[in-house]
């Protein structure tokens with residue numbers, strides 16, 4: 001019996017460009033909102049000592065030849081050992097026989113880039129006509145990717161950043177400058193929200209970082225961090241001020257996204273959201289006026305994993 | 001970056017004996033009933049064309065160094081192409097960093113043998129003092145394993161079998177004889193239930209195969225097939241006649257085991273069951289008298305996967 005082909009991170013990275021990934025993830029978000037993706041609620045494992053979480057996402061495109069199972073972890077003490085927070089692998093199986101087709105030994109890279117792509121597409125979907133400044137809250141790996149991908153997609157080259165650790169913010173600014181992006185640093189979130197009308201949050205916070213009254217009209221906020229029950233980045237009351245609430249997946253965002261806090265508190269009806277895929281397809285508006293506050297809540301969906309796994313599999317085998 | 005070690009089926013099979021597996025699975029069932037295993041509800045993907053299902057089980061032992069994610073599929077048209085119904089792989093990850101530790105390319109073999117071990121242990125747990133004859137309903141791969149493992153554990157060497165397809169039953173009897181086990185064939189299930197007071201069902205049936213009134217007093221039945229919503233092997237009314245109802249996992253058996261049909265129909269209270277692990281540990285009886293009808297409902301639990309994956313990982317690396 002032959003062993004399952006295992007595709008290395010190098011091979012995966014060399015097989016696709018940022019444009020390829022944006023295209024694949026956009027298609028995935030649209031297919032998901034069109035109901036063409038079979039993806040049951042993801043599985044989750046939580047760890048206390050050390051603190052970590054693991055998400056297991058799986059699904060298939062209706063009529064597709066394969067299905068994908070993805071394991072992605074975040075262990076938040078890893079940087080103390082010089083290791084990245086995120087890790088994981090994806091597996092592709094035949095939807096005809098169940099046989100494993102290949103293992104994508106991507107160590108979480110595909111998850112990182114599909115999240116970066118979704119964040120950039122979400123930023124674009126609700127961005128004001130004039131972007132004063134792009135603000136990034138968080139200074140981790142995903143905060144870096146969000147800035148890089150959004151700057152490229154939106155054709156901007158400067159970001160403002162806030163994170164709790166001054167040393168991590170400095171290191172972040174240095175890394176971004178190496179990528180050719182200028183960084184200004186805000187001492188706190190209200191200051192960042194004064195400067196920026198497009199803001200991406202990507203932290204493991206467990207309570208609201210952005211207070212409703214600190215957000216100026218005309219701002220679009222993309223919330224990426226809350227991907228498990230108990231995580232939260234946005235004040236639930238901010239959703240009451242939002243003219244458009246976009247979600248990658250209704251059920252997931254109600255269950256464990258920032259949007260869910262607003263729904264459960266009765267601040268907005270449960271049907272207040274619009275699928276991000278419908279906005280990306282041009283079927284729904286991402287913003288109605290320059291004065292709108294708009295929000296995209298992202299929890300990460302299996303459809304994105306299917307799309308990038310399919311891309312890697314097609315290109316590498 | 002080094003690639004994840006991938007352990008072949010051959011290496012896995014050569015690393016463990018039937019006794020090792022029985023020991024590991026018994027420990028897993030006991031640990032699970034003691035609440036020492038973290039294993040959220042499994043994920044499931046269903047396929048229509050061709051008909052198939054995929055279960056994703058995952059979890060870890062409290063305080064353990066690793067966690068395990070298992071993908072196991074059943075595609076029921078595979079035999080038409082000369083392929084086994086079941087397939088799958090297991091993955092071991094560090095519970096300290098999330099890093100993948102190894103991939104067990106077992107093609108579903110570990111799932112098959114841990115299911116065989118659980119079935120044999122379940123058969124032993126409720127077996128009458130005098131086993132008149134062991135009956136097997138089904139003629140697939142798992143029906144073969146159940147007979148082999150139970151015969152060895154219970155020190156018997158003859159089984160009676162029923163399955164719908166006469167040609168498959170004949171092939172089954174031939175294979176079993178090659179293993180040194182004599183087979184008699186029943187033309188229907190009531191006949192088998194006349195001959196046998198220990199019966200294992202292992203079919204993909206979607207409605208009751210065993211009718212409550214056909215079961216004689218003193219019989220122990222192990223139901224293995226119903227591992228997804230919609231599958232069923234036992235008449236719900238049989239649970240009313242049972243003196244002891246053992247389950248591998250309460251939630252799973254209520255949700256998608258045979259036991260759930262009896263609970264949902266209001267035929268037995270939801271708390272009528274005993275953990276199989278408690279019986280295996282000697283903390284609860286598996287039967288109270290020679291006249292009892294007893295049932296073990298098995299749905300397959302992540303704890304079993306953890307146990308056999310840990311065994312393979314320890315022995316092969």
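Protein chains in written order, with full-length UniProt numbering: chain S, 1 to 317; chain Y, 1 to 317.
A virtual CB, placed ideally from N, CA and C, is assigned to each residue, including glycine.
Task: CA-to-CA distance, residue 300(Y) to residue 277(Y), given in whole angstroms - done: The straight-line gap from Cα to Cα measures roughly 13 Å.
Task: residue 85(S) and residue 140(S) closer than 8 Å at C-beta - done: Contact check for residue 85(S) against residue 140(S) passes: the beta carbons are separated by less than 8 Å.
TODO: Return the residues of the segment 131-153 of chain Y that lie within a Cβ-Cβ distance of less than 7 Å from chain S, sorted by chain order.
DONE: none
TODO: For residue 26(S), I'd like the list of residues in its chain whose CB is within less than 6 Å of its CB, leaving aside the five on either flank, ordered along the chain.
DONE: 121, 280
- [ ] Spell out whether any CB of chain Y is found under 8 Å from the CB atom of residue 69(S).
- [x] yes
- [ ] Find out if the Cβ-Cβ distance for the pair residue 51(S), residue 10(S) is shorter than 8 Å.
- [x] The criterion of a C-beta distance shorter than 8 Å is not satisfied by residue 51(S) and residue 10(S).
Open item on the list: Once DSSP output is grouped into helix, strand and coil, what is the label at residue 79(Y)?
Closed with: Residue state, collapsed to three classes: helix.
Open item on the list: With H, G and I counted as helix, E and B as strand and the rest as coil, what does DSSP make of residue 90(Y)?
Closed with: strand
TODO: Figure out for me which residue from 91(Y), 187(Y), 258(Y), 23(Y) has the closest Cα to the Cα of residue 6(Y).
DONE: For residue 6(Y), the nearest C-alpha among the options comes from 91(Y).
TODO: Give a yes or no on whether the C-beta atoms belonging to residue 323(Y) and residue 104(Y) are separated by under 8 Å.
DONE: In the structure as shown, chain Y begins at 1 and stops at 317. Residue 323(Y) is therefore absent and cannot be evaluated.
Open item on the list: Taking 8 Å as the cut-off, does the segment 170-181 of chain Y touch the segment 140-151 of chain Y (at least 3 CB pairs, one atom from each stretch)?
Closed with: yes
- [ ] Rank 172(Y), 119(Y), 297(Y), 163(Y) by C-alpha distance to the C-alpha of residue 186(Y) and give the top, closest one.
- [x] 163(Y)
Task: Member of 259(S), 313(S), 297(S), 315(S) whose CA lies at the smallest distance from the CA of residue 115(S) - done: Residue 115(S) has its Cα closest to that of 297(S), out of 259(S), 313(S), 297(S), 315(S).
- [ ] Using a Cβ-Cβ cut-off of 8 Å, state whether residue 91(Y) counts as contacting chain S.
- [x] yes
TODO: Output, in chain order, the set of chain Y residues within a Cβ distance shorter than 8 Å of residue 123(S).
DONE: One finds nothing in chain Y with a Cβ atom closer than 8 Å to the Cβ of residue 123(S); even the nearest lies about 28 Å away.
Task: Contacting positions in the segment 98-118 of chain S - beta carbon closer than 9 Å to chain Y - done: 98, 99, 100, 103, 105, 107, 108
- [ ] Specify the secondary structure class of residue 197(Y) as computed by DSSP and reduced to three states.
- [x] coil
Open item on the list: Would you call the segment 218-238 of chain Y in contact with the segment 42-62 of chain Y, where contact means no fewer than 3 C-beta pairs closer than 8 Å?
Closed with: The answer is yes - the segment 42-62 of chain Y touches the segment 218-238 of chain Y, with three or more Cβ pairs under 8 Å.
Task: Chain-ordered neighbours of residue 45(Y) on chain S, where CB pairs are closer than 8 Å - done: 38, 40, 58, 59, 60, 67
Open item on the list: On the criterion of 16 or more Cβ atoms from any shown chain inside 10 Å, does residue 135(S) qualify as buried, or is it exposed?
Closed with: Note on residue 135(S): 16 or more other CB atoms within 10 angstroms of its CB, so buried under the neighbour-count rule.
Task: Contact set between the segment 71-91 of chain S and chain Y, restricted to residues whose Cβ is under 9 Å from the partner - done: Taking 9 Å as the Cβ-Cβ cut-off against chain Y, the residues of the segment 71-91 of chain S that qualify are 71, 72, 73, 74, 75, 77, 78, 81, 83, 85, 86, 87, 88, 89, 91.
Task: Assigned secondary structure, residue 159(S) (DSSP; H/G/I helix, E/B strand, else coil) - done: Three-state result, residue 159(S): strand.
Task: CA nearest to the CA of residue 44(Y), picked from 71(Y), 66(Y), 24(Y), 35(Y) - done: Looking only at 71(Y), 66(Y), 24(Y), 35(Y), the smallest Cα-Cα distance to residue 44(Y) is reached by 71(Y).
TODO: Would you check if the distance between the CB atom of residue 181(Y) and the CB atom of residue 157(Y) is smaller than 8 Å?
DONE: For the pair residue 181(Y) and residue 157(Y), the CB atoms are nearer than the 8 Å cut-off.
Task: C-beta neighbour in chain Y for residue 50(S), strict 8 Å - done: yes
Open item on the list: Contact criterion: CB-CB distance below 8 Å. Does residue 96(Y) meet it with respect to chain S?
Closed with: yes
- [ ] Within the same chain, show all residues whose beta-carbon is closer than 8 Å to that of residue 47(S), passing over the 5 residues directly before and after it, in chain order.
- [x] 53, 54, 75
Task: Proximity to residue 98(Y) [Cα-Cα], best of 244(Y), 239(Y), 64(Y) - done: Residue 64(Y) holds the alpha-carbon nearest to the alpha-carbon of residue 98(Y) among 244(Y), 239(Y), 64(Y).
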